[in-house]
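Numbering (our numbering), first residue to last: 632 to 747.
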Amino acid sequence: MLADQLFGKDDPSAIYSKESPMKMYDEESGNSVLAIKMPFDLKQKVELYTRKDDLVLQLGAFKKSITLPHSMANKKVLGADLEDGWLKIRFGRRTSCPQKKARGRRRDRKAPRKTP
Numbered sequence: 632m633l634a635d636q637l638f639g640k641d642d643p644s645a646i647y648s649k650e651s652p653m654k655m656y657d658e659e660s661g662n663s664v665l666a667i668k669m670p671f672d673l674k675q676k677v678e679l680y681t682r683k684d685d686l687v688l689q690l691g692a693f694k695k696s697i698t699l700p701h702s703m704a705n706k707k708v709l710g711a712d713l714e715d716g717w718l719k720i721r722f723g724r725r726t727s728c729p730q731k732k733a734r735g736r737r738r739d740r741k742a743p744r745k746t747p
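This is the structure we're talking about:
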């Protein structure tokens, strides 16, 4: 069975870690950091990019989307480092928000007259 292959004689309902898989904090430099616990060594290139308020982490065929808190949503990704099993993603200052285009007002149009 698959469970036997994964857990062997270990109890599958046991708690294997009480550590949070993600942490957020600010550095003294003013940059924000999102640290993600990586359960394995990274031997592949990690790709990071943001899309609106989501951070997309791609490692080979594995792709994970993380919704960022409002305080980090418009910040620029400065880079990432792997330290002691944590992928630490640094965010800089906020990027400028694109201005919404002013929408032109529709002119009031009269409904076409019906002819008898």
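Yeah, the Cβ is synthetic: ideal placement off N, Cα and C, and Gly gets one too.
Option nearest residue i by Cα separation, candidates the options
| i | options | result |
| --- | --- | --- |
| L665 | Q675, M653 and K674 | M653 |
| L718 | A645, V677, D642 and D635 | V677 |
| K695 | K707, A634, Y656 and R682 | R682 |
| L679 | S651, F693 and G639 | F693 |
| P670 | L690, D657 and P643 | L690 |
For residue i, the first and last residue of its enclosing beta strand (DSSP E)
| i | result |
| --- | --- |
| Q689 | D685 to L690 |
| S696 | F693 to T698 |
| A711 | K706 to E714 |
DSSP bridge partner residues for residue i (one or two, in chain order)
| i | result |
| --- | --- |
| R682 | D685 |
| K719 | A666 and D712 |
Check your understanding: Could you give the uninterrupted runs of the alpha helix (DSSP H) lying entirely in the segment 632–672, keeping only those of 4 residues or more?
Key -> Complete alpha helix (DSSP H) runs here, min 4: 633–638.
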